[in-house]
Amino acid sequence: MNCRPGCGACCIGLSISSPIPGMPNGKPAGVRCIQLTDDNLCRLYGAPERPAVCVRLRPNAEMCGKTVEEALAYMEKLEAETRPGPVPSGEPENRPS
Ligand code: SF4
Ligand code: SF4
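So for the sequence shown, the working numbering puts the first residue at 98; every next one is plus one.
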């Protein structure tokens, strides 16, 4: 499928952990990317500064839905499901140091 013109939902709904020009720590889910124009186009399209994750992301029916609202609702649910939860007390944090 093709990207919906003027959508921009994934540039708002998804979290990005890599640096974005103007957002050196990336962006949390639900925050509008600073590089998204008022008409929901990427200012960095085709530029080398565009994050690799944005270049790789392809529209798909499940994520994009039929409307911007459907896409944002899907991403909100996805981010909530994949957010790291609290470590249960009494168990060691098994993270690489
Ligand atoms: S949510 Fe889908 S249709 Fe909307 S901008 Fe992202 S990839 Fe394109
Ligand atoms: S850099 Fe461009 S494609 Fe990536 S989130 Fe921002 S506006 Fe969207």
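Glycine included, each C-beta is placed from N, C-alpha and C at the ideal position.
Beta bridge counterpart(s) of residue i as assigned by DSSP
i, result
"C41", "For the chain, the structure presents residues 98 to 194; residue 41 sits outside this window and is missing."
"I113", "K124"
Contact test: residue i Cβ vs ligand 1 heavy atom, cutoff 7 Å
i, result
"M160", "yes"
"G105", "yes"
"R101", "yes"
Counted within 10 angstroms of its Cβ, other Cβ atoms place residue i as buried (16 or more) or exposed
i, result
"K163", "exposed"
"M172", "buried"
"I131", "exposed"
"C108", "buried"
"G110", "buried"
Residue closest to residue i, alpha-carbon to alpha-carbon, out of the options
i, options, result
"A126", "L169, G182 and P183", "L169"
"P148", "T179, E176 and G123", "G123"
"D135", "E167, A106 and K174", "A106"
"C151", "M98, Y142, N157 and A158", "Y142"
"C100", "K174, P181, E176 and N157", "N157"
"N137", "A177, S115 and V165", "V165"
"L133", "L154, P116, E159 and C104", "C104"
Distance cut-off 7 Å: residue i Cβ against heavy atoms of ligand 3
i, result
"T164", "The ligand content of the structure shown is limited to ligand 1 and ligand 2, which means ligand 3 is not among them."
Under 8 Å between C-beta atoms of residue i and residue j
i, j, result
"P121", "E146", "no"
"S114", "E176", "no"
"C139", "M98", "no"
Residue i CB to nearest heavy atom of ligand 2 below 7 Å
i, result
"I139", "One detail in the question is off: residue 139 reads as Cys in this sequence, not Ile. Yes, since a heavy atom of ligand 2 falls inside the 7 Å radius drawn around the Cβ of C139."
"L175", "no"
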